[in-house]
Every structure is written in structure tokens, then in C-alpha cells.
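Heads up, the thing below is written out as C-alpha cells.
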Amino acid sequence: MHLRNLSYAAMGAALISFGACNSEKPSSTQKFIDVTSLDSSVAPGDNFFKYVNGKWLATAVIPPTQTSTGAFDELYNKTKANIKKLLEEAANAHADKGTVEQKVGDFYASGMDSVAIEGLGYQPIEPYLKRIDAIKNVQQLLRFEAELDKQQSAVFTGLYIGPDEKNSSTNILSLYQSGLGLPDRDYYFRKDAETKSIQDAYKKCISQLFVLTGTTDSIATQESELVYKFEEELAKSHRTNVDLRNPQINYNKTSVADLDKKLPLFRFSSYLKNLGTDTDSINVGQPAYYEKVNELLKTAPLDTWKLYMKAHFIRGAASALSSPFVNANFEYGKAISGQKQIKPRWERIYRSSDANLGELLGQLYVKRHFSKDAKERMLDLIDNLEKAFDARIGQVDWMSDTTKKVAKEKLHAIIKKIGYPDKWRDYSKVEIDRAKYFENIVSCSKADFEYQMAKVDKPVDKDEWIMTPPTINAYYNPTINEIVFPAGILQFPFFDLNADDAVNYGAIGMVIGHEMTHGFDDQGSQYDKSGNLNNWWAPSDNKRFKEKSKQVIDLYSSFVVIDSMRINGALTTGENMADIGGIAIAYDAFKLTKQGQDTTKIDGLTPDQRFFIAYAQSWRDKMEDKSLRLQLSTDPHSPAEYRVNVPLMNFTPFYNAFNVREGQKLFLPEDKRIKIW
């Protein structure tokens, strides 16, 4: 449950730095509210997002290498320069073998050696393609899939190791649905022109990749159609993205022996043995998918399986190969996202560095760009939000005292992580050679696989992080009951040591409240304080909570965003609830501060007005139409404008701060305003 799905986040899950969290201090004249962007032609009560950001929206231009521009992108673009400098310094240092600087620097140098990479063409993957050609039967196919799993290049198995959701102190191996090249199952079945263009671009990509590895044009076109039809069959078994949000139906712990009986061709016991584990039970998140895989192992021609394996393996490796492979993949991505130009090589290799050596790069990053003062200030903010949330739980009128008591226990049990891990990950098994980029990625992937597999059936390490320190994002993890704020997001416009409380509480305060609320949204509320899927609700309270969740679904589903596409209220429920709760909790926490209890104006704005403007300013965003359609189809987050306007429609202090009146577009009668937490 992330704050945002970042297209630029190279996430094991993602990214980066500037401002007061740097060692440099900002100018004393720095403005934390951009009053020049306020559009007085728009009434705050009609569209607060456009009132705050209107002038910026009118002039903002999306760079050709991006799919959007806005607060997240501006922060990323300013801070990625810091990362580039760190990477170049490490690459030029030629540090001693085995050091952080050597591994990070040589990895980056290997990726930047375009002459060597271009000269190799597809040589790095040729042995893999020959292995696929040599497959003679289903069991060899499955053994090869397990080998690909060991370097995290699996084609049709989705492997994950993490806390058992009904025994959260112990890790379990889980398998999830996988195997598709389009963004989501529904893209295989929609008939509109936009989706058709994406389907065609995908087929063209596969065909081009086949041609680049030696197939003739006409045969490659036929083979891409076969691969597409094969994936279409797999897609029929996939659960929808709405169903994937239901943790109960996606928890299916099963003995390996029973799986062998039910799916004899897949032979889970052999597959797991090839992975190097003898665990006796696993979680199969979406059983219908693996039933379909087992069926196709019997009914689909082996040659079709091999073509499918090739297509996905080549696509997965394309970014580490020569330019024709990179460009073929980009053209497909362009059809989905609307990004007009590929990012420069250094930025692509930076993302790869973060994805493969995230906590090594993170060590270099926080040493230079994150301060202890920032961490201490964040702890103060979180403590105040926790107090505010406790008070709000006590005041809700739809929950019994018994359930309130358990809810507060869960709230106060939340683990807080700020900036970077207390214990850095060990990369001693990773070998990096500055002359071998593809091999370096394989080395990182194999070491990560070993690291993950060593956790199966072992106690959960609650010190572990999902995101890397430079990430511009945040998350709540229900199985750990933790909120995590990487160093990357702890910068202006979200957070600044020199900003007044109204700005920090309106921006990062809302982020904190958002992540806290995830523990009590429609998904997170199903987990107890220890992270177990366990119903801690009184039945009558749970019924009322579901009724309120339905209100959120219905309200957000009423908004048409582009063409005839609406927000999918069922897909975005959790994030919407977290936004509604997050701004309310942040505001209550702000009112605990001296400025929050004052009325002194800055730039003609009251503290409350600055709080709400800082909130809307931190979410300013302008997106390519294709990316907006993709977001509406697949992303559990609502578009930025609705993440600002809709929570405020439901929050009375906003009405008071900007004199929102009946007849204005954001006005809701008080009895229609959704208040959950």
C-alpha cells in the first residue's frame, strides 16, 4: 500500500533528494507556498486543485522523456542529479574490490559502457535462447523456468517470500498469477481503439525482438500472434485487479503434496526442489491461474510454450542489451504511457543501480543527503499524528467502545521507520565486474534470490525494508503493521526543516496520516496489530464500516476523468479512504501546534489556508492522456486532482477555511460528508 505508484520508481520497489534534507541549507528567502500558482479565476469551492495549481497547470510542459510533470517529478528531477554525482564519483574512484563504492561504481560504469554493450548485440542472452530451443518436454521446460526463477527472470511463475498472512511471524513462499505482457488481464479483452493500439504495439514489439534474434520478418509476425493468443488464454484465468485487493480470497495456503495431486503436470514438489527449498506448504494466491498453467502444459504445443518463453525472456533482458532491443521495448512502452522520448542512458542505469544495489547506493546517498535533524523532526510529526488519530478513533460515532480499544492498540503498535534501515543488507555475495553489465545484473539477481529463499519458513525480520532509501514514496505494510518513510520523500515540497508547521503538516503530515489510515482501510483493517489476517471487529461495527466503505466507492465512481473513463471506486477504495483519513488526521495534529492554534497570516494566508494549499501544492500533477488512461485502468490510486478535491469535499474545516458555500461544485451537505476516521 504505497503513497503513489511511481513510474520512475525502480522499485524492489523505488527512488531520490534535495532541499533541507541535504547537507546544504536552503536560502532564508525560500518560499514554501507558491502563491504565484494560485488562480483567482477559480473559486476554491469549485475546484481547489485548480485554484491552487491553476497558473502552474496552464504553463507546465511535460518533458518528452516523462509521462507527467508535477511535485513528484520536480523532486525526482532535482534529486536525481545528486544520485548521478554519487554514481559518477563511485565509478571514477576505482575503489578497492568488495567496497560499497567499488560495487556501485563498477555496476554504473558497466551500464554506461555503451560501446561494449552495442558491440555485444544479443550475445549475453544467446545461451539462454539455445537452452530454450533444446527443451524436449514439459519437465525440461519447468526445470528451465526454475533456473530462470533463480536469477529472477521467471516467465510464468510469480514468486514472493514474505510473512504468512495468518502466521505473520514466519515467512512463507507464495506464488501469484503472472505471465502477461500487457498491463492487466482486461487489456486482452477490451475492444476500444486505444486498447487495440496497445495490443498491436505489444505484438509488434515481440515480433521485432524475434527478428533481432535471427527470425525472418514474416515468421516473427506469425510467432508474435501465437505468443499473444497463448497469453490471452492465461489472461482468462487471471483475477481482476479489484479481486486482487481482497486478502481473504488471495490466501490459499496448501500442502505441496496436495498441489502435486491436483496439478500433476506442474509437479510443484519438483519445481520447489529445483528452486532449492523443501518447504511442505506454500500459498498459491490465485489457484485458477496455476490450474490454467497446468492445463496448458498438457494441451498447448511445446513449440508454443518455447516461443512464449523466448518472447518474455528477451523482453525481460532487453534493457541490458544493445540499442535495437532497448528501443523496441521503449516503443511498446510509449504506446502505453505516452512518453515521447527514451530517458538518457545515465538515468536508465541509475534506476538499474537502485533496483539491483539499492541499499548500497542508499548508504552513499544518506551519508551525504539525509540529516539526523530530519529524522527527529519526522518522529515529532508522527507522534502528533498518532495522538490525533487516537483522539479521532475515540470520537467516531459508528464504532463500539470494545472495537475502539482494539483499534487504538493496533494504532499504537505501528512500527515507524524513517529515512533508512537501522541494519544494512549484506551484498557480499554479489560480484560486480565493470566490463560486464548483463552479467552484473544476473549476479545481483542470483544473490537476491538466495537472500529471499533463505527466509522461507524462517522468522520474519521486522527490520527489513521494502523500498530503498532514495525512494520518493512511502508505504504501510499490513503484515508487519509498519509505516515507512524513505529519505527520498523527506524533502520539499513534502517536508522541510525550515518550513512552518502549516506546510509540513499539510504535505508530509498528510502522507503520514495516509499511511496510518491504511492500517484501517478496507484492506488493512482485516489485519490485527501483529499483522495477521484476523477479524478484530465486533460484527455490528464491521457492518457499519463496510457501509461507509461503500459510500467511498460510490462517490469516487461518480467522477468521469477522461473521455468516458471513470475512477474505479472499487479498485481505489483503500487509497481513497487513506486520503480522506490522512488529511483529517494531519489537520487535527496541526491544531496541536502553536501555529495551528494561531491566526497569524503569512503572505495574506491564514495558517489553515496554508495547510490546505500545501496539501494541494504537494500533489500538483499534469499527465499524458495515455498515462492517465493507464492509471484509471490499473492503479489503485485516484488521479491527483481527485486526491485533493474529494477528501476536501468531505472535510468541514476546509469549508470554513475557504468559505465553501452551497452551490459550489465541491459542496456537500454536512450529513453527506463521509467521515470514517
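Under the numbering used here, residues 630 to 1306 are what the sequence shown spells out, in order. All residues carry an ideal CB built from backbone N, CA and C; glycine is no exception.
With DSSP collapsed to three states, give me the class of residue i.
{"i": "MET1028", "result": "coil"}
{"i": "ASN1106", "result": "strand"}
{"i": "PRO792", "result": "strand"}
{"i": "PRO655", "result": "In this prediction, PRO655 has a pLDDT of 35, which is less than 50 and means its spatial position is unreliable; what the coordinates show is noted afterwards. PRO655 falls in the coil class under three-state DSSP."}
{"i": "ASN800", "result": "strand"}
{"i": "MET741", "result": "helix"}
{"i": "CYS650", "result": "Confidence at CYS650 is low in this model, with a pLDDT of 31, below 50, so its placement is unreliable and no value can be given for it."}
{"i": "ASP829", "result": "helix"}
{"i": "SER1057", "result": "coil"}
{"i": "ALA1114", "result": "With the sequence shown as reference, residue 1114 is identified as Phe, and Ala is not the correct amino acid for it. It is a strand residue."}
{"i": "ASN956", "result": "helix"}
{"i": "ARG1195", "result": "strand"}
{"i": "VAL1289", "result": "coil"}
{"i": "THR698", "result": "strand"}
{"i": "ASP1125", "result": "coil"}
{"i": "GLY787", "result": "strand"}
{"i": "TYR1156", "result": "strand"}
{"i": "SER910", "result": "strand"}
{"i": "TYR751", "result": "coil"}
{"i": "THR1202", "result": "helix"}
{"i": "ILE943", "result": "helix"}
{"i": "ASP1250", "result": "strand"}
{"i": "ILE712", "result": "helix"}
{"i": "VAL671", "result": "coil"}
{"i": "LYS882", "result": "strand"}
{"i": "VAL871", "result": "coil"}
{"i": "LEU704", "result": "helix"}
{"i": "VAL1273", "result": "helix"}
{"i": "LEU892", "result": "coil"}
{"i": "LEU1162", "result": "strand"}
Cβ atoms of residue j and residue i: under 7 Å apart, would you say?
{"i": "ILE1044", "j": "GLU1111", "result": "yes"}
{"i": "LEU990", "j": "VAL767", "result": "no"}
{"i": "GLN1224", "j": "PRO1236", "result": "yes"}
{"i": "PHE1287", "j": "ALA1213", "result": "no"}
{"i": "ILE978", "j": "GLY787", "result": "no"}
{"i": "ASN923", "j": "LEU892", "result": "yes"}
{"i": "PRO1282", "j": "TYR1216", "result": "yes"}
{"i": "ASP1232", "j": "VAL664", "result": "yes"}
{"i": "LEU1259", "j": "ILE835", "result": "no"}
{"i": "THR1263", "j": "ASP813", "result": "yes"}
{"i": "LYS1039", "j": "LYS1172", "result": "no"}
{"i": "LEU904", "j": "ASP778", "result": "yes"}
{"i": "GLN992", "j": "VAL1190", "result": "no"}
Can you give the beta carbon distance from residue i to residue j, rounded, assuming they're within the 8 Å contact cut?
{"i": "SER697", "j": "ASN682", "result": "Going by Cβ atoms, the distance from SER697 to ASN682 rounds to 13 Å, so no, they are not a contact pair."}
{"i": "LEU1028", "j": "ASP1125", "result": "Residue 1028 is actually Met in this sequence, not Leu. Contact flag wrong, Cβ pair sits at about 36 Å."}
{"i": "PHE1188", "j": "ILE1196", "result": "5 Å"}
{"i": "LYS1037", "j": "ASP1019", "result": "6 Å"}
{"i": "GLU860", "j": "GLY791", "result": "About 27 Å separates the two Cβ atoms, so there is no contact after all."}
{"i": "GLY914", "j": "TYR805", "result": "4 Å"}
{"i": "LEU1014", "j": "MET1145", "result": "6 Å"}
{"i": "SER1256", "j": "GLY967", "result": "5 Å"}
{"i": "LEU1010", "j": "GLY1138", "result": "6 Å"}
{"i": "ILE971", "j": "LYS1177", "result": "So it is not a contact: roughly 45 Å between Cβ atoms."}
{"i": "ILE1070", "j": "ASN985", "result": "6 Å"}
{"i": "GLN1152", "j": "PRO1122", "result": "Actually they do not touch by this definition, with Cβ atoms about 28 Å apart."}
{"i": "TYR789", "j": "GLY810", "result": "About 20 Å separates the two Cβ atoms, so there is no contact after all."}
{"i": "HIS1266", "j": "THR1201", "result": "6 Å"}
In the DSSP output, what is residue i paired with across the bridge?
{"i": "PRO1088", "result": "THR799"}
{"i": "GLY1048", "result": "PRO1115"}
{"i": "SER899", "result": "For SER899, which the question treats as bridged, DSSP gives no partner whatsoever."}
{"i": "LEU1234", "result": "ILE1231"}
{"i": "TYR805", "result": "GLY787"}
{"i": "VAL1189", "result": "ARG1195"}
Tell me whether residue i, by its Cβ, gets closer than 6 Å to a heavy atom of the ligand ATP.
{"i": "LEU838", "result": "Among the ligands in the structure shown, none appear at all, so the ligand ATP cannot be discussed."}
Any Cβ of chain D within less than 7 Å of the Cβ of residue i?
{"i": "LEU1234", "result": "The structure shown contains no chain D; it holds only a single protein chain."}
Inset, instruction - Could you tell me whether the region 1200-1216 touches the region 1255-1275, using the rule of 3 or more Cβ pairs below 8 Å? - result: Yes: at least three Cβ pairs fall under 8 Å.
Inset, instruction - Evaluate the contact criterion for the region 813-827 versus the region 935-947: three or more CB pairs, one atom per stretch, below 8 Å. - result: No: fewer than three Cβ pairs fall under 8 Å.
Legend entry - Touch test, the region 732-741 against the region 1052-1069, Cβ-Cβ under 8 Å, three pairs minimum: In this structure the region 732-741 lies against the region 1052-1069, because at least three pairs of beta carbons, one per stretch, are closer than 8 Å.
Inset, instruction - Inspect the CB distances between the region 1040-1057 and the region 756-767 and report whether three or more fall short of 8 Å. - result: no
Inset, instruction - Could you say if the region 909-917 and the region 877-895 meet the contact criterion of at least three C-beta pairs nearer than 8 Å? - result: yes
Inset, instruction - Would you be able to state if there are at least three C-beta pairs under 8 Å between the region 1092-1103 and the region 697-713? - result: They touch, by the three-pair rule.
Inset, instruction - Count the C-beta pairs between the region 991-1008 and the region 1113-1133 that are closer than 8 Å, then say yes if the count reaches three, no if not. - result: yes
Legend entry - Sufficient close CB pairs (3 or more, under 8 Å) joining the region 949-964 to the region 833-846: yes
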